[in-house]
Each structure stands twice: as C-alpha cells, then as structure tokens.
Amino acid sequence: MSCVCSSGVSGVGSDVVPVSVIKGGSVTLYTGVQTNQQEVIKWYFNDTRIAQISGDLSEICTDVQCEDGDERFRDRLKLDHQTGSLNIMNITDSGLYELKIISSKSSSDKIFRIAVTGVPAAERDEVKRESVKEGDSFTFDPGVPVIKNPNDVTKWYFNDIIIAEITGDQSKICTDVQCKERFRDRLKLDHQTGSLTITNTRNTDSGEYKLLIIIINSSFSISITTVKRFNLTVIDVPGSGLSSGAVAGIVVVVLLVFAAAVIYYRRHRTHAAVPQR
Numbered sequence: 054m055s056c057v058c059s060s061g062v063s064g065v066g067s068d069v070v071p072v073s074v075i076k077g078g079s080v081t082l083y084t085g086v087q088t089n090q091q092e093v094i095k096w097y098f099n100d101t102r103i104a105q106i107s108g109d110l111s112e113i114c115t116d117v118q119c120e121d122g123d124e125r126f127r128d129r130l131k132l133d134h135q136t137g138s139l140n141i142m143n144i145t146d147s148g149l150y151e152l153k154i155i156s157s158k159s160s161s162d163k164i165f166r167i168a169v170t171g172v173p174a175a176e177r178d179e180v181k182r183e184s185v186k187e188g189d190s191f192t193f194d195p196g197v198p199v200i201k202n203p204n205d206v207t208k209w210y211f212n213d214i215i216i217a218e219i220t221g222d223q224s225k226i227c228t229d230v231q232c233k234e235r236f237r238d239r240l241k242l243d244h245q246t247g248s249l250t251i252t253n254t255r256n257t258d259s260g261e262y263k264l265l266i267i268i269i270n271s272s273f274s275i276s277i278t279t280v281k282r283f284n285l286t287v288i289d290v291p292g293s294g295l296s297s298g299a300v301a302g303i304v305v306v307v308l309l310v311f312a313a314a315v316i317y318y319r320r321h322r323t324h325a326a327v328p329q330r
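Numbering of the sequence shown is given in our numbering, commencing with residue 54 and proceeding in unit increments.
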C-alpha cells in the first residue's frame, strides 16, 4: 500500500547517533516506543521516505511501496508493527537514517548516521574453506571483535544446529541432544575472542559452520548482526587417520583370526597325538 508523501528534515537540532556496520550485515534501528494506534512513524534515508506505519496499521509501506521510495532497498527492509522499529538487511548504503514520530500531542526526531565499512563483495559472501587431519584439533577464528556488552550474543552453528553460544558473561556448549551426541566433550569456546575449537576431529565433523554475532546497544537503540560462514573438511590420512570405529573393527577381525588359528592348531595337535592302530 502506498503512503501519503512528505519530505524528511535535515536533522538540524536533533541528536545524531553514529553507527558503523560491516557491508552486507544487518542493523535494526529501534524507536524505543510501543505504538498506541495514535502515532505515525516515518523513516527516511537522506530525506527520502523509505518506511511508514500509522498507529492503526491502515497505512504501512516499505522501500518501493512508498511513493517516494526507490529500488535501492527492495526486499531489504522489515518494519516492526508493534514498535515501528526498522530492520535493514544486507546493508550497503551509508548516510542519514531519520526517524520521525508524530502524534496529536507532540512529535520527535532521531537520526542515525550509518557508516558502512567497505568490505569487498567477494569477501563478504565468501564461505571460508578450511581442512584438518582427522584426530587433530581445529580452531575457528571469528576474525572480528567480540564486544563484551551484557546484551551481546555470539552463536556458533553446525549445519544449522546451534552448538555454542555466548550471551554477556554466560556461555553454553551443546545444549541440544543431537549436538551432545556428535561433539561430546570435544568443543571449547573462548569467551574472550569467541573462537571455537574442535578437539580430536572426526570425519563426521565435516560440514558448514556459521558464526552469528549480534551487538546490541540499548543506549543508542540499535542492534548490528554479523554472519560468517566456514566449510570444514576433515581429511582421512592413509595409515594414520583411521577412525576409532575402523580401529575397533580391525582389532575384532584380528582377534577372530587368531582365535580360529589357535583352535585349528589345537585340534590338529590332538588329532596327531592319537596313536594309530
């Protein structure tokens, strides 16, 4: 649904919140209010309106749905219908993002100056490929600062199953049953750096690992999400990388062969020892 157009303001006299975001990441700009079906909430990017919501939800628009919007934010904006907060996905555009809240009694402005750091697209979209010899340890390095705020969240996933998490000063490893069965006592999480180590790697550890970092700044009403992906291959080295299951199988076979040889030998000796008549 299209909205009635109006122009943004330059932000003179309003507090400006500086925000730095990695290109291709996600950021949520919070209004700090709960709508009471009386306010009109408008979002602008460099004086071009990109989203709007009225309190009774009769007028809602994002990106190209807004009459003065353009293509740059197509399918990359989400508007919270309860609070009017704006989520920008796969962010690429630096500039002024302005919030206007208008009610019958008052109006307020908030401006976010977002600087998008220039990370090359190939690097941003890259799945980092790693390999390790079976039985060795391997450490995934986040490569980005893990900020220690009480609300910050760091999560590690293996094939979309969460395997480790840091929230503030608390950390968890393998709370999922499936994770416990696969990685039992083999994961180590560094609370200072957010790095994840797998000890005694196995062939079954091969797959995609994803790191999700959510930085929440309640003072500035923003949250920033960063995602990194890794693809790990555990290499079976001939002669030195036999899995525990393979080793157990070989031992069983050797024991069976040995037992059969002993039985055959004893029977042969007994038969030979019987005197001929």
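Even glycine gets a Cβ: it sits at the ideal position worked out from N, Cα and C.
Cut-off 8 Å between Cβ atoms - residues of its own chain near residue i, not counting five sequence neighbours on either side
i    : result
F283 : V180, K181, R182, E183, F193, E261, Y262, K263 and L264
K233 : C227
Rounded distance between the beta-carbons of residue j and residue i, thought under 8 Å
i    : j    : result
G77  : N143 : 6 Å
L152 : T84  : 6 Å
V72  : I164 : That belief does not hold up - the Cβ atoms of V72 and I164 are roughly 10 Å apart, past 8 Å.
Under the three-state DSSP convention, the category residue i falls into
i    : result
I94  : strand
T257 : helix
R237 : coil
Q223 : strand
V290 : coil
R125 : helix
V86  : coil
H134 : coil
T231 : Checking the sequence shown, residue 231 turns out to be Gln, not Thr. It is helical.
According to DSSP, residues forming a beta bridge with residue i
i    : result
F283 : K181 and Y262
S147 : For S147, which the question treats as bridged, DSSP gives no partner whatsoever.
K153 : K95 and D162
K208 : E218 and L265
A312 : According to DSSP, which records beta bridges pairwise, A312 is partnered with nothing at all.
Residue i versus the options, residue with shortest Cα-Cα distance
i    : options                  : result
T136 : G247, K158, S157 and E92 : E92
I219 : G85, I268 and W96        : I268
G221 : R235, D205 and D128      : D205
Close Cβ partners of residue i (< 6 Å) along its chain, the five nearest in sequence each way excluded
i    : result
T115 : A104, L130 and L132
T207 : V199, I219, G247 and I266
Own chain, CB closer than 7 Å to residue i, minus 5 neighbours either side, in chain order
i    : result
S161 : I154
E124 : V117
K279 : Per the sequence presented here, residue 279 reads as Thr, with Lys not at that position. So the qualifying residues of the chain are I75, G78, V197 and I266.
V65  : Residue placement at V65 is poorly supported in this model, since its pLDDT is 39, which falls under 50; the coordinates are not used for a value here.
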